[in-house]
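Each number in my numbering comes from the position in the sequence shown (counting from 1) with 123 added on.
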Amino acid sequence: MKKYLVIGNPIEHSLSPLIHNFWMKKYCLVDSVYEKRKVEEKELKNIIKEIREDEIFGVNVTVPFKKLIIPYLDELDFSAKETQSVNTLFKIKNKIIGHNTDSAGFGDTIKKLYFHTNNSSKLPLEDKLIFIIGAGGVTASIIHALKLQGANKITLSNRTKEKSHELKKLFPKIEVLDWGKRPTICDVIINTTSIGLNKNEEINIDFSDYNKNSHKKTLFYDLIYNPKETNFLKKAKLRGNKTMNGKMMFLNQAKYAFNIWTNIMPKIDDDIKKLLD
Ligand SMILES: NC(=O)c1ccc[n+]([C@@H]2O[C@H](COP(=O)([O-])OP(=O)(O)OC[C@H]3O[C@@H](n4cnc5c(N)ncnc54)[C@H](OP(=O)(O)O)[C@@H]3O)[C@@H](O)[C@H]2O)c1
124 MKKYLVIGNP IEHSLSPLIH NFWMKKYCLV DSVYEKRKVE EKELKNIIKE IREDEIFGVN
184 VTVPFKKLII PYLDELDFSA KETQSVNTLF KIKNKIIGHN TDSAGFGDTI KKLYFHTNNS
244 SKLPLEDKLI FIIGAGGVTA SIIHALKLQG ANKITLSNRT KEKSHELKKL FPKIEVLDWG
304 KRPTICDVII NTTSIGLNKN EEINIDFSDY NKNSHKKTLF YDLIYNPKET NFLKKAKLRG
364 NKTMNGKMMF LNQAKYAFNI WTNIMPKIDD DIKKLLD
C-alpha cells in the first residue's frame with residue numbers, strides 16, 4: 124500500500140484526504156491511500172524518516188509547519204525557495220524535495236481571471252494595483268504567484284507589522300501599510316488572513332466607498348473556501364464588486380501535488396468541485 128499524508132496541527136478540518144482519495148480512485152491507483160495526521164513539531168524528523176524508508180510516499184504540509192519543515196529537507200523547488208514555504212514532500216533519487224504548489228495553485232486561478240483583458244505582450248497583472256490583507260504562512264506564496272503574473276504594485280497590511288517586514292525582506296518591492304489602512308484604489312484585494320473562518324468574524328478595514336461604478340471591476344478574493352462566502356466577500360457582493368473564494372486555489376494546489384507524486388495531472392471538473400460544496 125502506498126501511503127500519503129497531510130500533516131498539520133490542527134488537522135481535523137483538512138479536506139485534502141477527500142480530494143486525493145477521490146482522484147486515487149478515479150485514476151485507479153488502487154494501492155494508494157491518503158490520510159491526515161496531527162503532529163507536533165518534534166515529530167517532523169520522524170515524518171522525514173518515514174519518507175526516507177518508503178513507509179510514506181508523499182506528504183502535504185499545512186499550518187504551522189510549512190516553514191518549520193525546511194531544515195529537514197534535502198532540496199527545495201524554485202517556488203519553495205522563493206517563498207520559504209513548503210506544502211508538498213516527495214522523495215526522488217533518495218533526496219527529499221520540498222515543493223510549493225500553493226503558489227502555482229493561486230497563480231492558475233488569478234491568471235485565468237485576467238487573461239482575456241490583456242493583449243498578448245502584457246503579463247495578466249502588469250498594470251493591476253493589488254492590496255493583500257495578512258502576512259501569515261501562505262502570503263509569500265500569493266505574492267510569488269502575483270509577481271510571476273507581472274504584478275509590480277503590491278501593498279500589504281497585517282495586524283502584526285513585523286511579519287509584513289519579514290515578507291518585505293523576501294519581496295523588497297511590496298509596500299507595507301499600518302493595520303486598518305488601505306490604498307485608495309485597488310484592482311484586486313486579497314484576504315490571506317484567517318479572519319472569516321468563523322462565520323461572524325470581520326476584517327476591520329472599511330471598503331464601503333467601493334460601491335461606485337468605477338470600483339465594480341475590483342475583485343475581492345478570499346483564500347478561505349469554507350465557509351464559501353465570508354463577510355469580506357458577502358459585503359463586496361452587496362456593493363456590486365466581483366468576488367471569488369479560495370476553492371479553485373485549493374483544488375489547483377492539490378492537482379499539482381498529485382501530479383508530483385503520480386505523474387497524473389487530474390482534471391478539475393464539476394465532480395471534484397461538487398465534492399467541496
Ligand atoms: N485556498 C487555499 O488553497 C488556501 C491555502 C492556504 C491557506 N488558506 C487559508 O489562508 C488563511 C491563512 O493561512 P496561513 O497558513 O497564512 O495562516 P497563518 O500563518 O496562521 O496566518 C494567519 C494570518 O491571519 C491573521 N489574523 C488571524 N486572526 C486575526 C485577527 N483577529 N485580526 C487580524 N489578523 C488576524 C494573522 O495576523 P497576525 O500575523 O497579526 O497574527 C496572519 O496574517 C487561512 O484561512 C487558510 O485556511 C487557503
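Idealized CB from N, CA, C, for every residue including glycine.
In the three-state reduction of the DSSP assignment, Lys304 falls in the coil class. Thr206 carries a helical assignment under DSSP once its states are collapsed to helix, strand and coil. C-alpha of Lys159 to C-alpha of Glu135: approximately 8 angstroms in a straight line. For Ile383, the uninterrupted alpha helix (DSSP H) run begins and ends at 370-385, by DSSP. Within its own chain, the residues whose Cβ lies closer than 8 angstroms to the Cβ of Ile326, once the five positions on either side in sequence are excluded, are Ile256, Asn314, Thr316, Ile318, Gly319, Asn354, Phe355, listed in chain order. Of the other Cβ atoms in all chains shown, 16 or more fall within 10 Å of the Cβ of Cys309; this residue is therefore buried. Apart from the 5 residues on each side of it in sequence, Leu246 sits with its Cβ closer than 7 angstroms to the Cβ of Gln272, Gly273 in its chain, given in chain order. Taken from the Cβ of Thr283, at least one heavy atom of ligand 1 lies inside 6 angstroms. Note that the segment 331-341 does not touch the segment 181-194; fewer than 3 beta-carbon pairs, one per stretch, sit closer than 8 angstroms.
Per DSSP, reduced to three states, the secondary structure at Glu198 is strand. Comparing alpha carbon positions, the residue from Val186, Glu166, Gln207 closest to Phe294 is Gln207. A distance below 7 angstroms between beta-carbons, with the five flanking residues on each side excluded, links Leu141 to the following residues of its chain, in chain order: Leu398. Under a 10 Å Cβ-count criterion, Leu361 is classified as exposed, with fewer than 16 other Cβ atoms of the shown protein chains found around its own Cβ. In the three-state DSSP reduction, Glu178 falls in the coil class, being neither helix nor strand. Pairing Ile347 with Phe213 gives a Cβ-Cβ distance that is not under 7 angstroms. Between the beta-carbon of Val209 and that of Ile130 there is about 11 angstroms, and that puts the pair past the 8 angstroms contact cut. Secondary structure of Arg160 (DSSP, three-state): strand. Taken atom to atom, the span from the alpha-carbon of Lys284 to that of Val186 is near 20 angstroms.
Counting C-beta atoms within 10 angstroms of its own C-beta, Ile215 has fewer than 16 neighbours from the protein chains shown and is therefore classed as exposed. Boundaries of the alpha helix (DSSP H) around Leu236: 225-238.
The C-beta distance from Lys126 to Phe180 rounds to 6 angstroms, short enough to meet the 8 angstroms contact threshold. Taken in chain order, the whole beta strand (DSSP E) runs of length 3 or more contained in the segment 286-338 are 298-300, 311-314.
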